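Student: For the sequence shown, my numbering gives the first residue as 1024, with consecutive numbering after it.
Please read through the structure below; I'll follow up with questions.
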Amino acid sequence: MAWKERVQLLGKLKSEKVFCGLDVGSQRIKISLLKAPEPQLVQLLDLYETKTTGFKDSSVSDLGELTESIQLALNAVMKKNGLRINEVYLGVGGDLIDVRQTQSTVPLIERGSKVIANVDIKKVNTQARLLGTKMDEEILHDFPQSYRVDDANTALNPLGLYGRKLAVETMLVVANGARLRNVIKAIHDAGYEVAGSYFTTYAAAEVILTEKDKHEGCILLDIGSRVSSVLIFKDGILKYIGKIPWGGNNITQRIATDLNLSLDLAEEIKKSYAVALKSDRRNEEEILVKREAAYSPVKREAICTALDPEIENFVLAIKDTIYGSGLFHQINVGVVLIGGGAVLPGLLERLEESINFPVAAGKMKATNNSPHSVAVYSPAVGLAQLGAHNSFATGLPTNGQLADRNPFINKVKEFYQEYF
């Protein structure tokens, strides 16, 4: 086969590769399949969701059950689409992750100054990662916030500047190593490899927020079942990550307690009848609720009254988180809402009234179709898209930016900059 034909065949095989995002939550497993002929041309093939078993409180509670649920889910979506893949991109979130700030300084030259090169930036970033990580932690992402040259010049990108020493301030997203390895083991036992692990809400941001949103100042709020994540972007950089110990389960528990219902029934009522606004006209309606052997009428107003304290506490927690970040005055776009809790009717309006920012439901920007709920599936789609981007580069740095596509030339450049 001629060289040109081999290149064309390689390009064809690459364009036909399918990327799988796997979001393992405490209640649901969500899967996305993407085809990406080009880095910016993404085709959504399918979305799939099923119940999670063997996974509780962000930990593997039964390895066999979790393995089986992952295996059944992945095999089902592969069979449905007539595909066979060997690797997935795993989402990590909730109590599995921790966020911390770290910093580091490295000398560049003993006397005088030198031009800062990529190898210098890589060195100071690596040292910051080492200094900011505990023994049993896995780094998912590092987000350099700013660099300082000679304790004087602050820069977002110091490449090409003259200096004698270089410092960096970085935000790390880390995962509990043992917990993460247990989830990965379940995936391995199910017959699949983990090609990469990413923070789920950051992955969602890749398909929900535009570059303009990230530059002008935007908040992404991901409401999970147990934990909600707040991400704040400014100047194209992820500046802040906050976690709120509140999720959709809080509403379910409140309805079950106040109305004396089982958790399963309370969950059904939440999905079908719960409203976050007291002024909603639907609160005047009545529904029939099964209690033991009989049905009894319950006003939707009673449901709203039951969950109102939870909603109020959540709204206040979001407000405190945003204002406590010190970045609220830099937000020019507003708040974008995703996650299962984001579909609660009236929540957008309730948030907007409290925090004085525009609040909108998230919309996926990089897929040609989205037949399912964007709020629920955006993390899974984002995971697959990060995997697709990774395949078009030699590696994907933890801040999500594309790396140099030619590793040999990159190494030659680093060698030259280091010694010449």
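Virtual Cβ for every residue (Gly too), placed ideally from N, Cα, C.
Bear in mind the structure is a predicted one, so any value in this text is a computation, not a measurement.
Is Met1158 buried or exposed, if buried means 16 or more other CB atoms sit within 10 Å of its CB?
Tutor: exposed
Student: Per DSSP, which one or two residues make a beta bridge with Gly1265?
Tutor: Val1253
Student: With a floor of 3 residues, list each beta strand (DSSP E) that falls wholly inside the stretch 1333 to 1381, ordered by position along the chain.
Tutor: DSSP runs (the beta strand (DSSP E)) wholly in the stretch 1333 to 1381: 1357 to 1361.
Student: Pick out whichever of Glu1239, Lys1074, Thr1156, Ala1411 has its Cα sitting closest to the Cα of Thr1193.
Tutor: Thr1156
Student: Please classify Thr1280 as buried or exposed, where buried requires at least 16 other C-beta atoms within 10 Å of its C-beta.
Tutor: It counts as exposed.
Student: Nearest to Ala1299 by CA position, among Arg1323, Ala1289, Val1172, is which residue?
Tutor: Arg1323
Student: Considering only residues of the same chain and omitting the five flanking positions on each side of Leu1203, which have a CB-CB separation below 6 Å?
Tutor: Cβ neighbours of Leu1203 beyond the five flanking positions: Glu1161.
Student: Out of Gln1050, Tyr1112, Asn1104, Gly1077, state which residue places its alpha-carbon closest to the alpha-carbon of His1412.
Tutor: Tyr1112
Student: Contact between the stretch 1133 to 1152 and the stretch 1163 to 1174 is defined here as three or more beta-carbon pairs at a separation below 8 Å; is this criterion met?
Tutor: yes
Student: Can you tell me whether DSSP reads Pro1402 as helix, strand or coil?
Tutor: helix
Student: What residues match up with Phe1078 in a beta bridge as DSSP calls it?
Tutor: Bridge partners of Phe1078: Val1083.
Student: Run through DSSP, which three-state label would Asn1433 get?
Tutor: A caution first: Asn1433 carries a pLDDT of 49, below 50, which makes its placement in the model unreliable, though a value can still be read off. Of the three classes helix, strand and coil, the one that applies to Asn1433 here is helix, per DSSP.
Student: Which residue comes first and which comes last in the alpha helix (DSSP H) that contains Ser1295?
Tutor: 1286 to 1296
Student: Once you ignore the five residues that flank Ser1248 on each side, which residues in its own chain have a CB closer than 6 Å to its CB?
Tutor: Cβ within range, chain order: Ser1049, Gln1050, Gly1270, Gly1271, Asn1272.
Student: Could you tell me whether any Cβ in chain B is nearer than 9 Å to the Cβ of Val1253?
Tutor: Chain labels in this structure do not include chain B; a single protein chain is all it has.
Student: Can you give the Cα-Cα distance for Ala1398 and Leu1195, rounded to whole angstroms?
Tutor: 26 Å
Student: One question on the structure: do Ser1252 and Ile1264 come within less than 9 Å of each other, judged by their Cβ atoms?
Tutor: yes
Student: On the DSSP bridge list, what partners appear for Phe1042?
Tutor: Leu1057
Student: What is the rounded straight-line gap between the Cα of Val1366 and the Cα of Met1387?
Tutor: 15 Å
Student: Less than 6 Å between C-beta atoms, sequence neighbours within five positions excluded: which residues of the same chain meet that for Leu1284?
Tutor: No residues qualify anywhere along the chain.
Student: Can you tell me where the alpha helix (DSSP H) with Thr1152 in it begins and where it stops?
Tutor: Just to set this straight, residue 1152 is Arg in the shown sequence, not Thr. 1141 to 1154 is the extent of the alpha helix (DSSP H) around Arg1152.
Student: Residues in the same chain with beta-carbon distance under 8 Å from Leu1086, minus the five sequence neighbours each way, listed in chain order, please.
Tutor: Gly1077, Asn1205, Lys1208, Ala1209, Asp1212
Student: Below 8 Å, can you find three or more Cβ-Cβ pairs linking the stretch 1133 to 1145 to the stretch 1099 to 1114?
Tutor: no
Student: Is the beta carbon of Thr1223 less than 9 Å from the beta carbon of Pro1402?
Tutor: yes
Student: Which partner residues does Thr998 have in the DSSP bridge list?
Tutor: Only positions 1024 to 1443 of the chain appear in the structure, and residue 998 is not among them; the question remains open.
Student: Under the DSSP definition of a beta bridge, which residues are partnered with Val1111?
Tutor: Val1217
Student: Do Leu1243 and Val1404 count as a contact pair if the criterion is CB distance below 9 Å?
Tutor: no
Student: For a test of the three-state rule: what should DSSP assign to Asp1281, helix, strand or coil?
Tutor: helix
Student: Whose C-beta lies closer than 8 Å to the C-beta of Asp1451 among residues of the same chain, with five residues either side of it excluded?
Tutor: Residue 1451 lies beyond the stretch modelled for the chain, which goes from 1024 to 1443, so this question has no answer here.
Student: Taking C-beta to C-beta, are Gly1313 and Leu1288 nearer than 9 Å?
Tutor: First, the residue type needs correcting, since residue 1313 is Lys and not Gly in the sequence shown. Yes.
Student: Between Ile1274 and Glu1335, is the Cβ-Cβ spacing less than 9 Å?
Tutor: Contact flag unset, no.
Student: Is Val1111 close to the ligand ZN? I mean its beta-carbon at under 8 Å from any heavy atom of the ligand.
Tutor: In the structure on display, the ligand ZN does not appear, and there are no ligands present to speak of.
Student: Let me confirm a value: Gly1116 is counted as buried when at least 16 other C-beta atoms fall within 10 Å, else exposed. Which label applies?
Tutor: buried
Student: Would you kindly work out how many angstroms separate the C-alpha atoms of Leu1232 and Val1382, rounded to a whole number?
Tutor: Rounded to whole angstroms, the gap between the alpha carbons of Leu1232 and Val1382 is 13 Å.
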